[in-house]
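> If you use my numbering, the sequence shown corresponds to residues 33 to 424, in order.
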Amino acid sequence: MGVRRAAIAVLIGLIIGLFKTLRNECKSNGNVHENFQQIRNIFDEILSREKEGLAFAAYKNDKLIVDLWGGYAERAAFREWNNDTMTVTFSSSKAIGALIIAILVSRGQLQYDDKIVKYWPEFGAENKENITVQWILEHKAGLFTFDDELTIEQARDHQYISRIIEKTKPKWPAGTTVGYHAITFGWLLDQIVRRVDPLKRSIGQFYREEIQKYMDDKDFYLGLPRDKHHRVARIVQSTTFEFVYDMATNLQYYPLIFNCLFSFFHCEMYSGGKYPLWLSFLNDEMPYNNPAVREIENVAVLGIGTARGLANVISTIWKKNLISEKVWKEISKPMEYNRDRITYFNLYRGHGFFYRPHPIHQNVCFFFFFLNPNQIFKKKKKNQYEILSSIN
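(1) Mind listing, in chain order, the continuous alpha helix (DSSP H) runs of no fewer than 4 residues lying wholly within the segment 64 to 138?
(2) If we ignore side chains and look at the alpha-carbon of each, how far apart do Q143 and A109 end up?
(3) To test your reading of the DSSP string, which unbroken beta strand (DSSP E) runs of 3 or more residues are found completely within the segment 229 to 283?
(4) Rounded to whole angstroms, what is the Cα-Cα separation between N282 and C292?
(5) Just the C-alpha distance for A90 and G384, rounded to the nearest angstrom, thanks.
(6) Suppose contacts are defined by Cβ-Cβ distances below 7 Å. Is T177 in contact with G304 by that definition?
(7) Looking at the secondary structure, which residues open and close the alpha helix (DSSP H) in which L342 lies?
(8) Look up L354 in the DSSP assignment and give the residues it is bridged to.
(9) Less than 7 Å separating the beta-carbons of L254 and E327?
(10) Expressed to the nearest angstrom, what Euclidean distance is found between the alpha-carbon atoms of S312 and T216?
(11) Look at the Cβ atom of D249, then the Cβ atom of N353, and state whether they are nearer than 7 Å.
(12) Is N424 helix, strand or coil when you go by DSSP?
(13) Thinking C-alpha only, which one of T338, S124 and I289 is nearest T375?
(14) Do you know whose CA, among S138, K59 and N395, lies nearest R81's CA?
(15) If contact is defined by three or more beta carbon pairs under 8 Å, each pair taking one atom from either stretch, is the segment 111 to 118 in contact with the segment 260 to 272?
(16) So W152 packs on R233, CB below 8 Å; how close in whole Å?
(17) Roughly how far, in whole angstroms, is the beta-carbon of I423 from the beta-carbon of L342, given that I think they are within contact range, below 8 Å?
(18) Please go through the same chain and pick out, in chain order, the residues whose beta-carbon is closer than 6 Å to the beta-carbon of A187, but skip the five residues on each side of it.
(19) What's the gap between the Cα of V149 and the Cα of F377?
(20) From what residue to what residue does the alpha helix (DSSP H) around Y302 run?
(21) E185 to I193, Cα distance in whole Å?
(22) Select from W360, I135, K95 and A87 the residue whose C-alpha is nearest the C-alpha of Y242.
In structure tokens:
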């Protein structure tokens, strides 16, 4: 019966999708370098189909060549998207965590192949003794949920989080397969950074002191300051029919859809996406509009900023040589291509990043950041790079 209702919903969603009209009459604001004016036309076309608003920024080497925004930060209140409007970047936040680990590797404070127990002996309980830094970054640890519940108050207590991670048993034999750690990824990396950083800083404090303070545009945050909440765009959930239409018209989602339907939603994607409940992105409610949630440091899903600020993070890391050339070379190429047991996506991945081969240049890959691929980074030569960042 549930499968039949789902099939009907898919059909209705597709029918409605056929009659979808342009939703946004807004035009873009901002600047584009004279050599890239066609990007504004593409941006306006995308904006015309966007229910709310969006922004796009691009760096070429250390120069900002595109900085566009448009639409609404909150359409229901007629609040327009401005040049300083920020939003939650969800999984693109994971890029910051992976880059911070790369910085620590560059400084010799840990290695990708190190076992976590080298820095955190208590982590080895419940068959976790062989888990490496690399396995955490590649979502191979089997820790996409923890065995104890986690409230928003407890999430502010890193010692409590440490204890529940130590008590958690992997959901599969660690290292044997890949399964997307949508939310727990952030707390796992935070615990690693706290132990290997000589100053024992949180991952958010490390970011603020080692990266953000050097940025030309500081508008990207891990743990949003209270005086910045008024600048954040309101996130609007897709309607059921919009969600169904988007899923049904993207073949990449079909294996995941069938797995969820035939398991009656007792699937790992569903359980992982709902842990903890106050960060769930699978409910009708939208917890990421809650200021108390935005103030939590979680590098998996709670990076908040402008498109310009997000792009400037990588630009700053590059300009300040925070990652060594040796480590850049190592992380510029994927380690493997595999299917994720939770999302059912087939992807190139490695070192906390996801990759796509360049359509023209051989042996060159784009970095991108999964499920919300709104940041792309391409390293070209020693002193050349391109960064594209979009948010909506």
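For glycine and all other residues, C-beta sits at the position ideal for the given N, C-alpha and C.
In short, the structure shows the following:
(1) 70 to 80 and 126 to 138
(2) 49 Å
(3) 252 to 254
(4) 16 Å
(5) 22 Å
(6) yes
(7) A339 to K351
(8) Note: L354 sits in no beta bridge, so no partner.
(9) no
(10) 12 Å
(11) no
(12) coil
(13) I289
(14) K59
(15) yes
(16) Actually they do not touch by this definition, with Cβ atoms about 16 Å apart.
(17) 7 Å
(18) I328
(19) 30 Å
(20) E300 to G305
(21) 11 Å
(22) The residue you asked about is not Tyr; residue 242 is Glu in the sequence shown. For the residues W360, I135, K95 and A87, the minimum Cα distance to E242 belongs to I135.
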